[in-house]
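Oh and the sequence shown: position 81 is 82 in the numbering used here, straight run, nothing missing. Idealized CB from N, CA, C, for every residue including glycine. Worksheet: the structure to be examined is printed underneath.
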Amino acid sequence: MIEKPRFPEWISDAPECFQNIVTEDSNETSVGEAKSLFKDGDRIRLYMERVKPGLSKKLAHQWHGPFRVKEKVQEFAYELDLPDRSAYS
């Protein structure tokens with residue numbers, strides 16, 4: 002008689018581990034509070050789709066920076082610390 006292969010013990014524990022992870026994640030953030038993408042002081046790059054007239058969009062630099070995040074303005078809007086003499090303002 003051929004014996005069926007047995008699953009490792011960790012497979013039977015997987016649903017419980019997954020539920021623990023989901024529960025921990027939901028405990029970290031309340032219902033009305035969204036996680037922030039960036040924190041103050043993070044260095045990020047700014048994507049600018051528009052290109053100066055006369056330049057090829059394919060060859061233009063569309064990612065600029067890095068810039069530091071000053072503060073969170075809205076859910077997906079951040080104020081950046083731009084250089085004093087920049088063309089971004």
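**Prompt:** Taking Gln63 as the reference, which of Arg46, Val70, Val74 has the closest Cα?
**Reply:** Closest option to Gln63, judged by alpha-carbon separation, among Arg46, Val70, Val74: Arg46.
**Message:** Beta-carbon within less than 8 Å of Gly42's beta-carbon, same chain only, minus the 5 sequence neighbours each way: which residues are those?
**Reply:** So the qualifying residues of the chain are Arg69, Val70.
**Item:** Between the CA atoms of Ser57 and Pro67 - distance to the nearest angstrom
**Value:** Rounded to the nearest angstrom, the two C-alpha atoms are 23 Å apart.
**Prompt:** Using the rule of at least 16 other Cβ atoms within 10 Å of the residue's Cβ for burial, across every protein chain shown, is Tyr79 buried or exposed?
**Reply:** Buried, since its Cβ has 16 or more Cβ neighbours within 10 Å.
**Message:** On the DSSP letters alone, give me the boundaries of the beta strand (DSSP E) that Lys73 sits inside.
**Reply:** Run containing Lys73: 64-75, per the beta strand (DSSP E) assignment.
**Prompt:** Out of curiosity, what's the CA-to-CA distance linking Val52 and Ala61?
**Reply:** Taking C-alpha positions only, Val52 is separated from Ala61 by approximately 7 Å.
**Item:** Close-in-space but distant-in-sequence residues of the same chain around Lys40 (CB under 8 Å, 5 per side omitted)
**Value:** For Lys40, where only same-chain residues beyond five positions count, the Cβ hits under 8 Å are Val70.
**Local conformation of Glu50 per DSSP, three classes** = Coil at Glu50, not helix or strand.
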